[in-house]
Structure formats: structure tokens, C-alpha cells
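One structure is given below, encoded as C-alpha cells.
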Amino acid sequence: MTDTKPVPVLEAKDIVAGYGEVDILHGVSVTVHSGEMVAIIGPNGAGKSTLLRTIFGLLDARGGQVRLKGEDITNRAPDQLVLCGLSYVPQVDNVFPSLTILENLEMGAFVRQDGLAERLDRVFSLFPDLTDRRGEKAGKLSGGQRQMLALGRALMLDPDVLLLDEPSASLSPKMVELIFDRINLINSEGTGILLVEQNANEALSACDRGYVLAMGENRLEGEAKSLLDNEEVGKLYLGT
Ligand SMILES: Nc1ncnc2c1ncn2[C@@H]1O[C@H](COP(=O)(O)OP(=O)(O)OP(=O)(O)O)[C@@H](O)[C@H]1O
Ligand SMILES: [Mg+2]
Numbered sequence: 007m008t009d010t011k012p013v014p015v016l017e018a019k020d021i022v023a024g025y026g027e028v029d030i031l032h033g034v035s036v037t038v039h040s041g042e043m044v045a046i047i048g049p050n051g052a053g054k055s056t057l058l059r060t061i062f063g064l065l066d067a068r069g070g071q072v073r074l075k076g077e078d079i080t081n082r083a084p085d086q087l088v089l090c091g092l093s094y095v096p097q098v099d100n101v102f103p104s105l106t107i108l109e110n111l112e113m114g115a116f117v118r119q120d121g122l123a124e125r126l127d128r129v130f131s132l133f134p135d136l137t138d139r140r141g142e143k144a145g146k147l148s149g150g151q152r153q154m155l156a157l158g159r160a161l162m163l164d165p166d167v168l169l170l171d172e173p174s175a176s177l178s179p180k181m182v183e184l185i186f187d188r189i190n191l192i193n194s195e196g197t198g199i200l201l202v203e204q205n206a207n208e209a210l211s212a213c214d215r216g217y218v219l220a221m222g223e224n225r226l227e228g229e230a231k232s233l234l235d236n237e238e239v240g241k242l243y244l245g246t
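Counted from 1, the sequence shown has number 206 at position 200 by my numbering; the numbering is strictly sequential.
Shown next, in the form of C-alpha cells:
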């Protein structure tokens with residue numbers, strides 16, 4: 007019999023990475039299947055951001071492999087990865103404050119000028135708040151609007167997979183709801199999402215599956231619903 011399992015859109019396998027002499031990730035694996043929205047939760051310093059940075063080629067993988075739509079992209083540079091269909095929104099410094107909203111979005115698409123107008127239209131329809139302010143400097147935006155702009159920038163290349171590092175950090179509960187609503191919509195339109203969150207409850211409620219990382223290792227994984235019901239997750243991350 008032939009193996010008919012579909013190829014995951016993103017697969018990071020046995021990733022080893024770190025800073026200087028020190029390994030932070032000791033063989034971490036995560037997978038995003040087509041159309042999935044996947045959460046990574048875990049305590050401060052677990053290596054969640056390090057994992058996203060390694061997948062996006064900002065940090066060398068010292069071991070393991072990253073595959074995008076089946077293709078080996080391990081240690082490929084970020085400017086190459088965006089062309090292959092991977093986008094990344096870092097937790098901080100994710101917009102250029104001295105540029106306008108429109109300039110930020112255009113910069114997001116700098117390597118791909120075809121269909122620019124359509125993609126701008128899509129971003130503005132996802133985030134109407136940005137539409138009327140397109141000529142304003144990004145530095146004048148509120149935290150929530152800045153996060154919308156960062157998401158919009160990442161969408162300007164129409165990625166197959168979006169890596170998001172704590173999109174709800176330091177936002178008001180109302181804004182968290184709105185941002186998650188938009189991320190869900192982006193996902194429902196076909197973009198795979200791999201999302202790191204402190205807000206475990208919100209993340210697991212929104213996602214299909216989840217991983218718990220601790221001390222640079224996979225600790226738990228499963229359907230998001232079953233993780234929400236898991237006693238250890240409840241105690242450590244949900245305050246239940
Ligand atoms: N640039 C760096 N140089 C050296 N060590 C770093 C660097 N960035 C992170 N680390 C260390 O790597 C470990 C993992 O950090 P990382 O930021 O990946 O964790 P995290 O799970 O994202 O945590 P948080 O929930 O606080 O964002 C921590 O011990 C941190 O101190
Ligand atoms: Mg982090």
C-alpha cells in the first residue's frame with residue numbers, strides 16, 4: 007500500500023538550537039497540517055521564541071530539520087523563506103514606527119510586487135481601523151493597531167504559514183478578542199498558523215492543536231480541547 011498521508015505545510019523535527027555555546031532547544035518537534043491553527047504554550051524561557059526564530063532562519067538549527075510543504079528549508083535565510091511561503095511576526099519591534107501604515111505594508115511586500123493592490127485591499131478589509139489612517143506614522147498607533155499592522159505586513163506576501171510570537175501580549179481583553187478573531191479568519195481562508203502564547207487559555211480555545219514546551223523539550227501535545235482539560239496544563243498555565 008502507498009502512503010497517502012498529506013504532507014504537512016510545516017514540520018520542524020528534532021530541532022537543536024541555542025545562543026553561543028548553550029543549547030536552548032534539545033530536539034523539539036512541531037507540525038502544522040494544512041489549514042491548521044496550532045498553539046505553542048509553556049513557561050517563560052521554555053524556548054518558544056527561540057523555536058520560531060530557528061524555523062524562520064534567524065538562528066541556526068544545530069540539529070534537526072525544518073520542512074515547508076515537504077521541502078527542506080533548514081537554515082535558509084528569512085528573505086528566501088518569505089518567497090517560499092513562510093511569514094513571521096516577532097513579539098516586539100514588529101513595525102517601523104517612523105514609516106506610515108501604507109509604507110509598512112508596502113515594505114512587507116518588497117520582494118513581491120505582483121498583485122500588490124489586491125493584497126493591500128485584503129489587509130485593509132481585515133483591519134478597517136488601518137484603512138483611514140494609512141498615511142499616518144505607525145509610531146502613533148495604539149498597541150492593538152500596531153499588532154494589526156504587524157499581521158497585515160506579514161500577510162502582504164500571502165503566506166502558506168504564519169508564525170506568530172505572542173500576538174496578544176499586553177493588549178486589552180477586548181483587543182485580544184479582536185486579534186484572535188482576525189487570526190481565526192486568516193486561518194479559515196487557508197493560511198496555516200503556528201502561534202506562541204502566554205495566554206494559554208485564549209490560544210488553546212482558538213487553536214486546533216497545541217504543544218507544551220518546557221526547558222527546551224516537548225512536554226505535552228494534543229488536541230487543543232484535550233490540553234484545556236489536562237490537569238497539568240490547568241494547574242501550570244490556566245490557573246485552574
Ligand atoms: N539572544 C539571546 N542570547 C542568549 N540567550 C538568550 C537569547 N534569547 C533568549 N535567550 C535565552 O534562551 C532561553 C529561551 O528563551 P526564549 O525567549 O526562547 O523563551 P520563551 O519560551 O519565548 O519565553 P517567554 O515566554 O518569556 O517569551 C532563555 O533562557 C533566554 O534567557
Ligand atoms: Mg518568547
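Glycine is no exception: its CB is placed at the ideal position from the N, C-alpha and C atoms.
Less than 7 Å separating the beta-carbons of residue i and residue j?
i, j, result
"residue 251", "residue 239", "As displayed, the chain neither begins before 7 nor continues past 246, which places residue 251 out of reach and without an answer."
"residue 150", "residue 181", "yes"
"residue 4", "residue 23", "Past the boundaries of the shown model lies residue 4; the chain is included only from 7 to 246, so the question cannot be answered."
"residue 133", "residue 158", "yes"
"residue 203", "residue 45", "yes"
"residue 233", "residue 210", "yes"
"residue 166", "residue 91", "yes"
"residue 110", "residue 155", "yes"
"residue 63", "residue 83", "yes"
"residue 236", "residue 43", "no"
"residue 55", "residue 168", "no"
Between residue i and residue j, what straight-line distance do the alpha-carbon atoms span, to the nearest angstrom?
i, j, result
"residue 10", "residue 217", "25 Å"
"residue 243", "residue 164", "33 Å"
"residue 199", "residue 205", "16 Å"
"residue 85", "residue 228", "32 Å"
"residue 73", "residue 59", "15 Å"
"residue 120", "residue 126", "11 Å"
"residue 87", "residue 81", "10 Å"
"residue 122", "residue 115", "7 Å"
"residue 25", "residue 99", "20 Å"
"residue 76", "residue 145", "39 Å"
"residue 196", "residue 65", "27 Å"
"residue 50", "residue 89", "32 Å"
"residue 188", "residue 124", "18 Å"
"residue 78", "residue 97", "26 Å"
"residue 27", "residue 61", "19 Å"
"residue 41", "residue 129", "19 Å"
"residue 175", "residue 212", "15 Å"
"residue 103", "residue 153", "12 Å"
Who pairs with residue i in a beta bridge, going by DSSP?
i, result
"residue 10", "Answer by DSSP bridge pairing: none, since residue 10 is not bridged."
"residue 219", "224"
"residue 37", "17"
"residue 73", "17, 78"
"residue 23", "31"
"residue 61", "None; residue 61 has no bridge partner."
"residue 239", "Paired residue(s): none; residue 239 is not in a bridge."
Among the options, which has the Cα closest to the Cα of residue i?
i, options, result
"residue 137", "153, 146, 107", "107"
"residue 140", "124, 70, 105, 191", "105"
"residue 68", "211, 171, 19, 194", "19"
"residue 173", "101, 241, 230, 225", "101"
"residue 226", "34, 26, 25", "34"
"residue 207", "192, 189, 230, 197", "230"
"residue 39", "214, 177, 123, 188", "214"
"residue 191", "63, 131, 122", "131"
"residue 118", "162, 56, 142", "162"
"residue 220", "48, 201, 122, 27", "48"
"residue 36", "13, 28, 25, 21", "21"
"residue 148", "129, 177, 128", "177"
"residue 57", "241, 212, 201", "201"
"residue 222", "175, 103, 29, 135", "29"
Closer than 7 Å, CB to CB, is residue i near chain D or not?
i, result
"residue 188", "Among the protein chains of the structure shown there is no chain D, as only one such chain exists."
Practice prompt. Output the residue ranges of the alpha helix (DSSP H) runs that lie fully inside the region 160-197 and measure 4 residues or longer, sorted by chain position.
Written response: For the region 160-197, the full-length alpha helix (DSSP H) segments reaching 4 residues or more read 179-194 along the chain.
Original post:
Taking the runs of the alpha helix (DSSP H) that are 4 residues or longer, which of them lie wholly in the region 83-159?
Top reply: Whole alpha helix (DSSP H) segments, 4+ residues: 84-90, 107-114, 122-132, 134-137.
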